[in-house]
Amino acid sequence: MRAFKFILFVAIFVLGLNGAEVSLRAKVSQMIMVGFNGASTKDAAFRAMLSDAGYERFGGVMLLGRNVTSKAQLKASIKAIKEKSPKIFIAIDEEGGNVSRMKDKSFDGPYPSAYEVASTLDIKSAYDLYSKMAINLKECGINLNFAPVVDLHDENSPIIAAKQRAFSEYASKVVIYADAFMDAFKEQGILTTLKHFPGHGSSKEDSHKNKSEVTLSKDALLPYKDAISTGRAQIIMVGHLFVKGIDDDNPATLSKKIITDLLRNELKFNGVVISDDMLMKGVGDEALAQKVVKFINAGGDILLFSEFKINNQRTADLITQIIIDAVNEKKISKERIDASYKRIMALKAKL
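Printed below as a string of structure tokens:
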């Protein structure tokens, strides 16, 4: 029966509620996720986001520290969003440690970093901890977490190791703790995201601020291979990482060699690929429209933007028009949009 409902849900969204084909604009909107300012439902910025959510101008929202003050507040905010758009992705960065939005005591936190967890807790205790984290997020209405980090711990990394965001320097240890994280969240019905493909650990730079180069290694890919082969991998976030010897001209986010050739063809990942924040410096200096087109043609599905507006224009409107124009100009094929739309809606059917 559940399988039948899943197929029916996907069919409805592919054809539309009235049996008509879904418009290009509606499909493209699902490929956009935005951040926004404000924590209170009374904030003007929040109300603007809420209005756009009601018109389904984007497929998801990401919540940052600026959007969270307490569990009660977060629960009320998400309730308001879901009343406007029941199947919207409500995503949060909750890794524990330095990257945590659940610092208020009402969330039963704060939660330790990945490195601390793997250094001090056995697998059962780690699973129990992440179950508590997942339960708190579920109670608020979160349905997607941008975690776990499956990068390898490298002491020279200013953004991963320095902030204790990786479980371990050993890939095998990363695998078992990441599995505990994903299993705990799956039990609560929350989607998880492996990041930052193909591995941020060896970078000596912070991709939020600068161009970041990494060396591809078998060990760095092992957590992805394991999660894909076991069916745990639902969403993979691609980092703004220049992979030496693979694609020296484009960050992984914009690289067909990385997303299609490596991730999809070699590693056999058929799930949703999301970008890291497209407003980070590490993605490069090309025009925004060119970056958007490159990401989609590389094989990516969801474009992540931390800001609701870019140059005083609503991000979702701007990006949607860029993509539609690119399709009309045959820079992006309709088939490429359809493939992403189907992957996204298949994932939403599981919510």
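For what it's worth, the working numbering labels the leading residue of the sequence shown as 7, then goes sequentially.
Each residue gets a CB set at the ideal place from its N, CA and C atoms; glycine is no exception.
Just so we're clear, the structure is a prediction, and the values are computed from it rather than from any experiment.
- Comparing alpha carbon positions, the residue from Arg-171, Gly-195, Val-28, Glu-272 closest to Arg-238 is Gly-195.
- If you ignore the 5 residues before and after Met-139, its C-beta comes within less than 6 Å of the C-beta of Tyr-117, all in its own chain and listed in chain order.
- Arg-320 has Lys-315 as its beta-bridge partners, per DSSP.
- Taking a C-beta distance under 8 Å as the contact criterion, Ile-242 and Leu-269 qualify as a contact pair.
- Burial is judged here by how many other beta carbons sit within 10 angstroms of a residue's own beta carbon; Arg-31 has fewer than 16 and is exposed.
- Secondary structure within the region 251 to 309: the beta strand (DSSP E) runs of 3 or more consecutive residues, fully enclosed, are 278 to 281 (chain order).
- When rounded, the separation of the alpha-carbon atoms in Ile-38 and Val-123 is 33 Å.
- Fully enclosed beta strand (DSSP E) runs of no fewer than 3 residues occupy 197 to 203, 218 to 220, 241 to 244 of the region 173 to 248, in order along the chain.
- Between the region 75 to 83 and the region 92 to 112, the count of C-beta pairs closer than 8 Å reaches three or more; the two stretches touch.
- Around the beta carbon of Ile-148, 16 or more other beta carbons lie within 10 angstroms, which makes this residue buried.
- Restricted to the region 110 to 185, the alpha helix (DSSP H) segments that are unbroken, complete and at least 4 residues in length are 120 to 126, 129 to 146, listed in chain order.
- In the structure shown, Gly-71 adopts helical secondary structure according to DSSP, grouped into three states.
- Contact between the region 182 to 196 and the region 245 to 252 is absent: fewer than 3 CB-CB pairs across the two stretches fall below 8 Å.
- Around Ile-234, the same chain offers Leu-273, Lys-274, Phe-275 as residues with beta carbons nearer than 7 Å, after the five sequence neighbours per side are excluded.
- By the Cβ criterion, the region 87 to 101 is not in contact with the region 125 to 133, since fewer than three pairs of Cβ atoms, one from each stretch, lie closer than 8 Å.
- Look at Gly-60 here: in three-state DSSP terms it is helix.
- The count of Cβ pairs closer than 8 Å, one atom from the region 314 to 322 and one from the region 252 to 267, stays below three, leaving the stretches out of contact.
- Here Pro-92 is exposed. Its C-beta has fewer than 16 other C-beta atoms within 10 Å.
- Around Ala-51, the same chain offers Phe-42, Asn-43, Gly-44, Phe-314 as residues with beta carbons nearer than 8 Å, after the five sequence neighbours per side are excluded.
- In this structure, Thr-199 sits near Asn-151, with a CB-CB distance shorter than 8 Å.
- Residues of the same chain with a CB within less than 7 Å of the CB of Lys-263, apart from the 5 flanking positions on each side, are Ile-252, Asp-253 in chain order.
- Residue environment: Tyr-61 is assigned as exposed (fewer than 16 neighbouring CB atoms within 10 Å of its CB, all protein chains considered).
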